[in-house]
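I have placed the structure first, in the form of structure tokens, so that the comments after it can refer back to it.
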């Protein structure tokens, strides 16, 4: 099957391991299948409905009809506040890069259709793609915010206009369509668009880049999917131009859009986190396709330093609300973690590329950590609301009284789910923090945002998430992620089908059942050993090879053969590096790959998450989380919070439950913390070791 | 002299203590006189020169000439980025509230002239005031950004337009002129303007408030200075309307501009810190003049809760960069402290009002703490650069390679001081944090900002700072702040002149020498005992009354009599409340009223502030700071910063100096921290007390 062989979201020319296509790997149960079904059944429609109602999809119709730029919006125009640039009377709804949300939804639909056919979804997909295509101009340009009468000229605001960024998302949507076996309308639109961009920005075009990286990886992927080398050539130019000062000044500094230094000169990711990570993905794609080892090495080095010094325990990245940016080394405040959902997704995209390029299991660890503990925290259990920022510490319960940006009655679709927060909100759910009864929305998920990149990014990620679980090689299969899924592909020696079953992540036992395998050639079956299980996993048979981070079985397998591996998923304490000031004197509790959280509904009445300490020696594993002893009392009076002596020890004890972090805030507004202050007598300085 | 009796920046109708006027109290030496001289000799001219060069002062000329709103700027137009709303072709330089910077400079000049006459400064003052006055319209309205052809209509954007905010600053400048004995041009302008505002927004006008509180306290003060009660009546309306939803939605939530609930219903300050504090000042002024005890009590309660839970040890307030706002209770990250200079100044303004209203010495403590450790940290030692945000922890040295917002060559005045950072920068000096060699300006002071409220606010504060040092009562003098100054006023029994001398804050001995005193009536001389000196101060004679927070001497004094009080200013460790997550497991070092800081230039070569711990038992007092043992070593490898065991103890020791926090960053780009991690073996949980 040609479609199956085209691979998943990334397909390097010469990977260590070959990514599987959507017909080669299917989730069959467990948490990920449940989330993927939620995506198919709820999230896709939720995004589609919102964008229809508030006019973002209609922008394409108005562009095709020639009324955008001059017409009046009849419905759904955003009340914008300062986070949005929509202008009354322009006929354009939303900020200037809302096209990209429609493209990410198309990408999500394409992956979903590749995974499981649905005539109804297929119809919706084609209808949406046709509306996009109709807005494409004669020369291939396609953007609803620029270039028409009454709009700013094309490419007149590369710093903030997001034109190439939107193009990149359209191209990625087209690549998803190609990779799932269909070279139809959207891939045609994407080629014409990419050709236009090549003419405008290629070797004979203007020397410029977009303020928001994204098109780089999209172009390389389009090259991979179509065989057209010019797109990679263009991506290379964009990567090489970055950091050479082609962009004008940015209020947050040039590192905000990574124009502060050439990509290959940087030693760490910095600036706006999503921008930095999308750029790193593009740079690595360019390096891979052009054999640019120096550039690949630069990306690996940057990512290693970033992981070591600028990543939250959840895999979230980006410490700053103000500029949605990486902080300094070890600047990782739990209570002001931005840890944007899109940055987590971008991080998975980068780690996946690095895993394919290097075969290093630590990248699969990062994917697992980030998917489970950052990305999965975004959608609510019902799939109708999302976190944009994923804090690790919520001090005051979120309120659902109103919204921060817009009058909810003005903008909420009538058909939207009944939810108190049915309004468009500022991107981090209201940044003010603040007292319990203010009107800004904090601490709870919102159905939509004025900058609503996260819901559609979640959608495309969930639609394709199974494709990150395993890869193929000439003679074997590598299992990178665990859960319930079926792999069915063809190796050199013939077809292989495996069924992976487990109760993971709650249970650590992984069963791999062979359904079909070459009868006369040994099959290599390689399982990643998660970092936390290193040296502590058990197998049902002796592996042929064993490293700290992998188990490899290699023999003739017969149908019905089963290999079992058990990872210890008991709850454990994890301590932060002493250089992370924000969480000094605390510990987190992890259980297998899950970061756990203490949420207020689990506390005794009248206990507050911000007044307690906890004892790591009291941790016991619970069905899906843990239980732990917590203490309170001993705090000093409420006058001046800086005193001549440390506060006294706690006086009351209780035993409480910890839940998986990603499940938090699904039981109503709550407070929460992941880092628990150590229950210890205030330690007088004992002096260091001699 | 009538002018002397008009008092300082605040003059309530019925204060517990009477504020002194600029002719009644004069700094005569020490740090505050040095800073005040720096203000007179450098800062005033620095602000004046910058605003002239970049067209902010010229806005008034263009408004008077009728060319604003349509004309082209010939010079100095800001390169604005997203923080500024200046539009090419509008003839208006800078964002919409730059008028207020000219007014704050005028206020600073007025206080400075009241303090010490200077013909040259008087000329500059009159010239500037005349240019402002020329822009006033027939009906009293005066704003260079609104209402003329080509500009938005008057009062068309109360949420963000800052019209009444600017008026408030003009009125405060006029009040400074009145209080220093001159009822000339600016007071006339202010009366006409206030009358206009009364007509527009008074009992028969529109029911609305400004998005940025400020005019409330200005109007009450104008009532106090002119005797016109309508201005207080108007201020009362503005205070009562706040929190009733007259403002449209704000992206950061309604608490951003305190429109989330009525002033008297709030229990703590929240939202944008400067807005919250200016509003609290205005509310208290209204309460004081109208005898509204409930409102006064509400402000006192809010401030007490804010001080207990939302104030940095430096007195700085505002934890959030994004919205320049208060955080949640105990959300006080040292490394992301915004602690805006203007918020510190506003805090001093509020504490001063509360001190006059209540006589409670803790407010004088707050004034001292905030002036010395937050406000004074803003201006550089040479007075030519300023911090907007005052972080308590600098992780990477600031760089002076360029600026964040604007091309420095385009906007820097040719005559500006030779400083690498000669450019207009984002208000917090570049929010990106980030790597050492990026182009954004972080960690060092900047000569000017696109929103440049802080330099002029520092100027007006330094020009009038002596007026906060002492007050009079019928039969005595209260000394609230210490340093070197002379008080000369008239009590019921006759004239009194005192000379206060000390090496404070480095030295804790205060000498009060009587120069003149009533010969037959006892003089009451009351000295505040700072909180840190409570129970530990010594006096040269037995006080007539003594409380934990005050010493009161009362006898017939003769010329030449001296009273000496000694406060223990030795360096000491201070521990944070356990609820402040961001600084758990650390301590600060204070010396007298000074917060000390560890700055990289004082460390041994190759030691970094972010790798060390310190031992509070090793603190020794130094001439103006302290010395302390610090340790390093023992950190884990640079891979994944969350581990199964706490990092090991330190292995190397050094002795290092701590300097007053306000002096930091005057020896070139540096790293710094105020909260020092406790040098202790990682403590296994010992369990709480039974």
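Chains as they are written, first to last, in my numbering: chain A, 3 to 692; chain B, 3 to 692. We put the CB at the ideal spot given by N, CA and C, even for glycine.
Provide the residue span of the alpha helix (DSSP H) that contains residue i, from first to last.
i: residue 63 (chain A); result: 60-67
i: residue 346 (chain A); result: 343-360
i: residue 170 (chain A); result: 165-181
i: residue 552 (chain A); result: Counting along the chain, residue 552 (chain A) falls outside any alpha helix (DSSP H), though it belongs to the beta strand (DSSP E) covering 552-557.
i: residue 378 (chain B); result: Here residue 378 (chain B) belongs to no alpha helix (DSSP H), and DSSP marks it neither H nor E.
i: residue 194 (chain B); result: 187-203
Who pairs with residue i in a beta bridge, going by DSSP?
i: residue 631 (chain B); result: B:617 and B:657
i: residue 119 (chain A); result: Its beta-bridge partners do not exist; DSSP assigns none.
i: residue 395 (chain A); result: A:675
i: residue 340 (chain B); result: Paired residues: none, contrary to the question.
i: residue 486 (chain A); result: A:31
i: residue 547 (chain B); result: B:554
i: residue 493 (chain B); result: B:496
i: residue 239 (chain B); result: In DSSP, residue 239 (chain B) forms no bridge with anything.
i: residue 596 (chain A); result: A:593
Tell me the DSSP secondary structure of residue i in three-state form.
i: residue 209 (chain B); result: coil
i: residue 27 (chain A); result: strand
i: residue 466 (chain A); result: helix
i: residue 314 (chain A); result: coil
i: residue 53 (chain B); result: helix
i: residue 501 (chain B); result: strand
i: residue 269 (chain B); result: coil
i: residue 136 (chain B); result: helix
i: residue 5 (chain A); result: Residue confidence for residue 5 (chain A) is low, a pLDDT of 38 falling below 50, so the modelled location carries little weight; the figure read from the coordinates is stated next. Residue state, collapsed to three classes: coil.
i: residue 622 (chain A); result: strand
i: residue 15 (chain A); result: coil
i: residue 22 (chain B); result: coil
i: residue 662 (chain B); result: strand
i: residue 144 (chain A); result: coil
i: residue 274 (chain A); result: strand
i: residue 681 (chain A); result: coil
Quick one: give me the first and last residue of the beta strand (DSSP E) that residue i is part of.
i: residue 512 (chain A); result: 511-518
i: residue 578 (chain B); result: 573-578
i: residue 588 (chain A); result: 588-593
i: residue 472 (chain B); result: 472-474
i: residue 480 (chain B); result: 478-481
Check: Are three or more beta carbon pairs between the region 568-581 of chain B and the region 544-554 of chain B nearer than 8 angstroms?
Finding: no
Next item on the list: Compile a chain-ordered list of the residues in the region 20-52 of chain B whose CB is closer than 9 angstroms to at least one CB of chain A.
Entry: none
Notebook entry, point to check: Quick check: the region 371-384 of chain B against the region 284-297 of chain B, are there 3 or more CB pairs under 8 angstroms?
Noted result: no
Notebook entry, point to check: Is the number of C-beta pairs between the region 584-595 of chain A and the region 380-393 of chain A that are closer than 8 angstroms three or more?
Noted result: no
Check: Just by C-beta distance, which residues in the region 322-346 of chain A are closer than 9 angstroms to chain B?
Finding: 322, 323, 324, 325, 327, 328, 329, 330, 331, 332, 333, 334, 335, 336, 337 and 338
Note to self: Would the region 49-65 of chain B count as touching the region 98-105 of chain B if we require 3 or more Cβ pairs under 8 angstroms?
What the structure shows: yes
Margin query: By the 7 angstroms beta-carbon criterion, what residues does the region 637-654 of chain B contribute toward chain A?
Written below: 637, 638, 640, 641, 642, 643, 644, 645, 646, 647, 648, 649, 651, 652 and 653
Next item on the list: Quick one: which residues of the region 537-568 of chain A get their C-beta closer than 8 angstroms to a C-beta of chain B? List them in chain order.
Entry: none
Next item on the list: Pull out every residue of the region 572-591 of chain A whose Cβ sits closer than 9 angstroms to any Cβ of chain B, in chain order.
Entry: 574, 575, 576, 577, 578, 579, 580, 581, 582, 583, 584, 585, 586, 587, 588, 589 and 590
Next item on the list: Evaluate the contact criterion for the region 306-315 of chain A versus the region 248-263 of chain A: three or more CB pairs, one atom per stretch, below 8 angstroms.
Entry: no
Item checked: the region 313-323 of chain A / the region 225-245 of chain A touching (three or more Cβ pairs under 8 angstroms) -> no
Margin query: For the structure I just gave you, are there three or more beta carbon pairs, one from the region 594-608 of chain A and one from the region 655-662 of chain A, closer than 8 angstroms?
Written below: yes
Next item on the list: Pull out every residue of the region 278-305 of chain A whose Cβ sits closer than 7 angstroms to any Cβ of chain B, in chain order.
Entry: none
Check: Which residues, taken in chain order from the region 593-613 of chain B, show a beta carbon closer than 8 angstroms to some beta carbon of chain A?
Finding: 612 and 613
Next item on the list: Pair every Cβ in the region 134-151 of chain B with every Cβ in the region 34-50 of chain B, then say whether three or more of these pairs are closer than 8 angstroms.
Entry: no
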